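Residue 8 is where the sequence shown starts when you use the working numbering, and the numbers rise one by one after that. Read through the structure below, which is laid out as structure tokens, and then see the notes.
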Amino acid sequence: MDPLGRPEDLQARRRRSPRTGNLVPHLKGDECKDCSTVRVEAAGHEVLVRQADHPGDHPTPVVLVHGMAVCSRYLVPTMTRLAQSRTVVAPDLPGFGRSSEAGPPISVRDAAEVLRAVMTRLTGPAIVMGHSAGCHAAVELAVRHPELVRRLVLVSPPPGHRHPLAVIIRWAQAMAQEPSPLVAETLRDAVIAGPRKVWGAFRHLLSYRLRATLRRVGCPVLLVRGARDPLVPRAVARHLADIAQRGRYAEVPGCHAVPYTSPDDLARVILEVDPANERTAAQQGDRGSSFTTVDPPTTNGLHSSAREERERGAHQDRHRSADSRDGR
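Below, the structure is given as structure tokens:
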């Protein structure tokens with residue numbers, strides 16, 4: 008029986024993503040046999056949190072933050088992989104999923120305070136992974152409460168400050184490449200949230216100053232992009248990795264919703280930035296906590312080269328003047 012109380016045969020409901028080869032569950036099937044749900048009072052909101060507690064004493068839990076107008080359910084495939092070695096939690100942010108409530112949509116700053124309260128109650132310091140618009144709340148959390156964020160993983164972060172129509176068109180192009188169960192669930196979540204919440208979340212997405220805030224993040228940051236994501240072009244994702252103080256870049260197979268379509272690959276790159284693996288990475292020639300941006304030759308390769316260092320400098324020089332013009 009899944010955490011929402013619906014009995015299902017997990018094996019009968021599983022399939023492989025036709026585009027990535029990752030084995031993923033149908034959204035309406037058994038979510039996660041080892042997951043449970045709990046309601047938490049967080050910054051004045053009652054928030055439902057999906058959680059998977061690992062029996063071991065691993066020091067680094069993971070917090071997953073969902074994107075705009077949806078709930079955390081589509082993150083369960085990645086949650087299941089990560090939960091094999093650590094505790095993982097994924098809240099439904101106020102106004103969405105099973106944390107729906109009346110009132111205006113919460114701001115990015117308010118969402119960060121909700122995450123702070125959830126983490127204080129359930130995890131303590133953790134690796135925080137934001138997906139899509141959830142990256143904004145994750146970045147805001149890292150700036151406002153750096154003691155809680157050991158590492159930041161930003162998956163498909165929309166940069167903001169774009170024309171609304173351009174974002175909508177790119178989002179539609181991305182959805183056209185995603186599995187139909189995910190598209191249906193996304194639309195269902197948006198209908199349940201209602202147009203006021205969805206439009207409010209969209210306005211926050213467009214107005215958030217991601218570049219300026221990301222520059223203030225002191226912890227290591229990993230930018231992850233789906234290789235076919237039209238919503239977040241490669242140049243944009245690489246630029247975001249460049250401007251982070253300790254940024255790194257990786258690509259995984261898939262389009263925009265890689266936590267659902269490519270959970271194995273995504274979990275693998277998340278675990279590679281685990282502080283527990285830092286010594287091993289340094290022994291293999293990586294810089295450990297001093298991350299560099301890369302164009303990975305494999306789905307999750309994380310390394311640097313002299314050519315990539317030169318490209319990184321060119322990226323920074325080219326975008327520094329552009330950012331100074333728009334005030335980011």
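Positions of the beta carbon are idealized from the N, C-alpha and C atoms, including for glycine. The model shown is predicted, which means the values in this text are computed figures rather than measured ones.
Give me the residue from the options with the minimum Cα distance to residue i.
| i | options | result |
| --- | --- | --- |
| phenylalanine 103 | Arg80, Val146 and Gly254 | Arg80 |
| aspartate 196 | Val83, Val56, Cys78 and Glu53 | Cys78 |
| aspartate 271 | Thr94, Met86, Val174 and Pro171 | Met86 |
| threonine 127 | Met182, Ser139 and Val96 | Val96 |
| proline 132 | Leu148, Pro98 and Leu100 | Leu148 |
| valine 231 | Leu221, Ala219, Tyr215 and Ala248 | Ala248 |
| alanine 50 | Pro227, Asp60, Pro111 and Glu120 | Glu120 |
| leucine 129 | Leu213, Leu212 and Ser43 | Ser43 |
| histidine 211 | Pro165, Arg241, Trp178 and Gly233 | Pro165 |
| proline 112 | Ala264, Gly225 and Gly201 | Gly201 |
| arginine 255 | Arg245, Cys262 and Ala264 | Arg245 |
| valine 205 | Val47, His52, Gly74 and Glu48 | Gly74 |
| leucine 273 | Leu122, Arg222 and Pro84 | Pro84 |
| glycine 225 | Asp117, Gln180, Ser114 and Val146 | Val146 |
| alanine 179 | His263, Leu100, Val162 and Asp117 | His263 |
| proline 186 | Arg222, Gly261, Arg158 and Leu217 | Gly261 |
Measuring only the C-alpha atoms, how far is residue i from residue j?
| i | j | result |
| --- | --- | --- |
| valine 259 | cysteine 142 | 17 Å |
| alanine 76 | valine 198 | 9 Å |
| glutamine 184 | valine 156 | 32 Å |
| valine 190 | isoleucine 176 | 15 Å |
| arginine 93 | proline 68 | 6 Å |
| aspartate 236 | proline 66 | 33 Å |
| valine 340 | tyrosine 215 | Given that the chain is displayed from residue 8 to residue 335, the structure contains no residue 340 and the question cannot be resolved. |
| aspartate 41 | serine 139 | 26 Å |
| proline 227 | alanine 242 | 20 Å |
| arginine 203 | leucine 213 | 16 Å |
| valine 54 | arginine 151 | 20 Å |
| alanine 251 | proline 153 | 14 Å |
| isoleucine 134 | arginine 253 | 15 Å |
| threonine 268 | valine 72 | 16 Å |
| arginine 275 | methionine 136 | 13 Å |
| phenylalanine 2 | alanine 144 | What is shown of the chain runs 8 to 335, which leaves residue 2 out entirely. |
| alanine 118 | glycine 207 | 13 Å |
| threonine 220 | arginine 105 | 29 Å |
In three-state DSSP terms, what is residue i?
| i | result |
| --- | --- |
| arginine 3 | In this structure the chain extends from 8 to 335, so residue 3 is not present and cannot be described. |
| glutamate 258 | strand |
| arginine 222 | coil |
| glutamate 154 | helix |
| glutamine 252 | coil |
| arginine 235 | coil |
| alanine 264 | coil |
| histidine 211 | helix |
| histidine 170 | coil |
| proline 66 | coil |
| proline 270 | helix |
| glutamine 180 | helix |
| serine 296 | Annotation note: pLDDT 32 at serine 296 (below 50); position unreliable, coordinate value reported separately. Coil. |
| glutamate 185 | coil |
| proline 202 | helix |
In this structure, what does DSSP give as the bridge partners for residue i?
| i | result |
| --- | --- |
| serine 43 | Gln58 |
| valine 228 | Leu159 and Gly254 |
| histidine 52 | Ala49 |
Residue i CB to nearest chain D CB: under 9 Å?
| i | result |
| --- | --- |
| valine 70 | Given the protein chain composition of this structure (a single chain), no chain D is represented. |
Practice task
Ignoring anything shorter than 3 residues or poking outside the segment 68 to 143, list the beta strand (DSSP E) runs there in chain order.
Solution key: Runs found: 69 to 72, 95 to 98 and 133 to 138.
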